[in-house]
Every structure is written in C-alpha cells, then in structure tokens.
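Q:
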Amino acid sequence: MFKLFSQLCDALLLAAAAALFGACLTAKLQTGSYGLAIPDAPYLYERSDFFLDASFAGLAAWLALVVAERFTPLGRSASGRAAAGMGATLLAIYLGPPAPIVFGNTWARWEPTFELFLAQWDIALPLAVAVVAARQGIRKLASVIYPRSTRSSSSTV
C-alpha cells in the first residue's frame, strides 16, 4: 500500500507541476508579471487542452521516474531519488507548457524549447525544488501511515 500511495502522489505532483508551470508561464508571457493564467485561444487551444497536456506531461514524467528509480542505481539512495525526482519534474515542466500557438503563430522549431523552457528558469527551478521537497514529505508521511511490517520470528517450542 505504501508503494501505491507514493506512486499515486508522484503522478499527481508531476501533473500539478506541469499545470502550474503552464499557468505561470502564460501569465508571465501575457502580462509581463508573475501570476497564474490558464491559456485560452478559442477554437485553437481550449482550457481542456491545457489540462490534458499537463496530465499527459505528468504521466510521461511519472513513467520516466518509475523507470529511473527501478532500473538504475538512483532509486537506492535518498539523494538518487531526489535527483530522479528533479529530472522527472523538469521533464514534466518541459512537456507541459501550452502549445506555442497560444502565444503567437510564428514559432521556429527551436524556439519553444529556448523561449518556453530554458528562458524560464526563474519559474522552473523553484517549482522543481518544491516538488522534490513535497515528494520527500509525502514519503515520510506515507511511511508513518503505512509502516513497513517487520518480520517476527516465530519460535517453536
């Protein structure tokens, strides 16, 4: 039950991080200041598209996190899990922003990566650190709620 709870929380955290980054990015690009704004371009990019993009970005990042923690040495130590969580969060943030068409029609192939992700480190990095801290807090909470059972040795008389 511990694994299921923590994996579910990881997936929800990554999807929420993608949505939060997309909303912060939209507010920053549309108003020039920090805030939250859900992108909306009628007939091109609706609110449901935004949340679907964030959900799929969270799912892809969660799958990458599961693979990184299970099949690499990263899952064996706390610092390795934190590094895997940071990488998965940055992947969700990279995949999660709204479609570039929301911000205009003239985008070259490389511009979304540079302008919508790399140029936004002031939003992305604190958000990724917050997700890693929340993951560690949730794991500690889950270990209290679902303690690992210790094997008791039964002695025969």
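Per the numbering used here, the sequence shown runs over residues 565 to 721. Glycine included, each C-beta is placed from N, C-alpha and C at the ideal position. Computed from a predicted model, the values in this text were never measured in an experiment.
For residue 592 and residue 599, I'd like the C-alpha separation in whole angstroms.
A: Taking the sequence shown and counting its residues from 1, the one referred to as residue 592 is at position 28. Taking the sequence shown and counting its residues from 1, the one referred to as residue 599 is at position 35. Rounded to the nearest angstrom, the two C-alpha atoms are 7 Å apart.
Q: By DSSP, does residue 656 sit in helix, in strand, or in coil?
A: Along the sequence shown, read from residue 1 onward, the residue named residue 656 stands at position 92. Correct three-state label for residue 656: helix.
Q: Bridge partners of residue 605, per DSSP?
A: Residue numbering aside, residue 605 sits at position 41 when the sequence shown is read from its first letter. Beta-bridge pairing links residue 605 to 609.
Q: Below 8 Å between beta carbons: does that hold for residue 610 and residue 617?
A: Translated into positions along the sequence shown, residue 610 becomes position 46. Translated into positions along the sequence shown, residue 617 becomes position 53. It is not a contact, given that the beta carbons lie outside the stated cut-off.
Q: Determine, using beta carbons only, whether residue 699 and residue 649 come nearer to each other than 8 Å.
A: The residue labelled residue 699 in the question sits at position 135 within the sequence shown. The residue labelled residue 649 in the question sits at position 85 within the sequence shown. In contact: residue 699 and residue 649 (Cβ atoms closer than 8 Å).
Q: Since residue 691 and residue 585 are thought to touch, with beta carbons under 8 Å apart, how far apart are those beta carbons, to the nearest angstrom?
A: Mapped onto the sequence shown, residue 691 falls at position 127. Mapped onto the sequence shown, residue 585 falls at position 21. With a Cβ gap of about 6 Å, residue 691 and residue 585 count as contacting.
Q: For the alpha helix (DSSP H) that contains residue 683, what are its first and last residues?
A: As a first step, residue 683 must be located in the sequence shown, where it is residue number 119. Taken as a continuous stretch (DSSP letters only), residue 683 belongs to no alpha helix (DSSP H), as it is neither H nor E.
Q: Taking only runs of the beta strand (DSSP E) that begin and end inside the region 614 to 651, which ones reach a length of at least 3 residues, in chain order?
A: Listed in chain order, nothing qualifies, since the region 614 to 651 has no complete beta strand (DSSP E) run of 3 or more residues.
Q: Quick one: residues in its chain with C-beta nearer than 7 Å to the C-beta of residue 645, no 5 flanking neighbours on either side, listed in chain order?
A: As a first step, residue 645 must be located in the sequence shown, where it is residue number 81. Closer than 7 Å at the Cβ level, and outside the excluded window around residue 645, lie 633, 638 and 639.
Q: Kindly list the residues whose CB is nearer than 6 Å to the CB of residue 555, restricted to its own chain and excluding five residues on each side of it in sequence; keep chain order.
A: Since the displayed the chain opens at 565 and closes at 721, residue 555 lies outside it and no answer follows.
Q: Would you kindly work out how many angstroms separate the C-alpha atoms of residue 662 and residue 697, rounded to a whole number?
A: Translated into positions along the sequence shown, residue 662 becomes position 98. Translated into positions along the sequence shown, residue 697 becomes position 133. Approximately 25 Å between the Cα atoms of the pair.
Q: In angstroms, rounded to a whole number, what distance separates the CA positions of residue 606 and residue 568?
A: Numbered from 1 along the sequence shown, position 42 holds the residue referred to as residue 606. Numbered from 1 along the sequence shown, position 4 holds the residue referred to as residue 568. Straight-line Cα distance between these residues: approximately 39 Å.
Q: Using the Cα positions of residue 608 and residue 669, report the straight-line distance between them to the nearest angstrom.
A: The residue you call residue 608 lines up with position 44 of the sequence shown. The residue you call residue 669 lines up with position 105 of the sequence shown. C-alpha separation (whole angstroms): 11 Å.
Q: Which residues in the same chain as residue 570 place their Cβ atom closer than 7 Å to its Cβ, once the five residues preceding and following it in sequence are excluded?
A: Numbered from 1 along the sequence shown, position 6 holds the residue referred to as residue 570. Excluding positions up to five away in sequence, the list reads 702, 703 and 706.
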